[in-house]
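Using the working numbering, the letters of the sequence shown correspond one by one to residues 956 to 1123.
Yeah, the Cβ is synthetic: ideal placement off N, Cα and C, and Gly gets one too.
Reviewing the structure listed below.
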Amino acid sequence: MLATLAGIGRAVLRDVGEGVRQRKRIYSHGNAGWVKDDVQIQQVVGQISAWAYAVEATVLKATSSLQQAYEAHRSGDEALLQALNVTAELDAARAQVIAGEWVQRAAGELFNALGASDTRTGKALDRHWRNARTLSSHNPVIYKARNIGDWEINRHTPTFIWQIGSGG
């Protein structure tokens, strides 16, 4: 799911860049004769680019931690394996918190660069937000963040197996 969120972030960046480059209409209160030259629009696109980059970097860090934990299974060193499993779980949770929030923000923010005409159903740019929101809901971020916080404060071993069930 994390790689998919990173891919959605990349798609948002692609679509906002392409949309701004192709946009001909401007706002009377804009900062330039072309949308692509408007410094505020450039700032919005720059922020989206930074979010997409940070999400991808965070996901790569989490995958590196997961790979290290996987490789430790062959070592026979149970203490090392436990430590690397904790690191991998926490890094994956951190990546999910960051990716879920920043990709959804980027998917919403792209409309500040493109405008109302780009909310048309035919363009389907809202799919980026909807897809990111749906993925983020599969493993609710509030529980991931709580797990991280409990580790940071109390050093309680994080939950490794996430599942759903019926309430009480």
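Could you give the DSSP three-state label for residue i: helix, strand or coil?
| i | result |
| --- | --- |
| T1018 | helix |
| T1114 | coil |
| I963 | helix |
| W1106 | helix |
| D970 | helix |
| I996 | helix |
| K979 | coil |
| A987 | coil |
| I1097 | helix |
| S1091 | helix |
What is the C-beta distance between residue i and residue j, in whole angstroms, given that I count them as a contact (C-beta under 8 Å)?
| i | j | result |
| --- | --- | --- |
| A1048 | I963 | Contact flag wrong, Cβ pair sits at about 19 Å. |
| A1050 | L957 | 5 Å |
| L1039 | A1027 | 5 Å |
| T1112 | A1054 | The Cβ separation is near 23 Å, so there is no contact. |
| Q1002 | E1064 | 7 Å |
| A1068 | V999 | 4 Å |
Please work out which residues of its chain come closer than 7 Å, Cβ to Cβ, to residue i, disregarding the five sequence neighbours upstream and downstream, and give them in chain order.
| i | result |
| --- | --- |
| R1060 | W1006 |
| R1088 | Q1059 |
| K1099 | A1048, Q1051, V1052 |
| L1090 | M956, T959, L960 |
Can you list, in chain order, the residues of its chain with a C-beta nearer than 8 Å to that of residue i? Leave out the 5 residues immediately preceding and following it.
| i | result |
| --- | --- |
| A1043 | A1017, S1020, L1021, Q1023, A1024 |
| N1094 | M956, Q1051, W1117 |
| D1105 | H1111, P1113 |
| L965 | Looking at the sequence itself, residue 965 is Arg, so the reference to Leu does not match. Closer than 8 Å at the Cβ level, and outside the excluded window around R965, lie A1007, E1011. |
Quick one: what's got a C-beta closer than 6 Å to residue i's C-beta in the same chain, skipping five residues either side?
| i | result |
| --- | --- |
| R1029 | none |
| E1011 | A961 |
| G985 | D993 |
| L1035 | A1027 |
Item to check | 4-residue-minimum alpha helix (DSSP H) runs that sit fully inside the region 998-1084, ordered along the chain | outcome: 1033-1069
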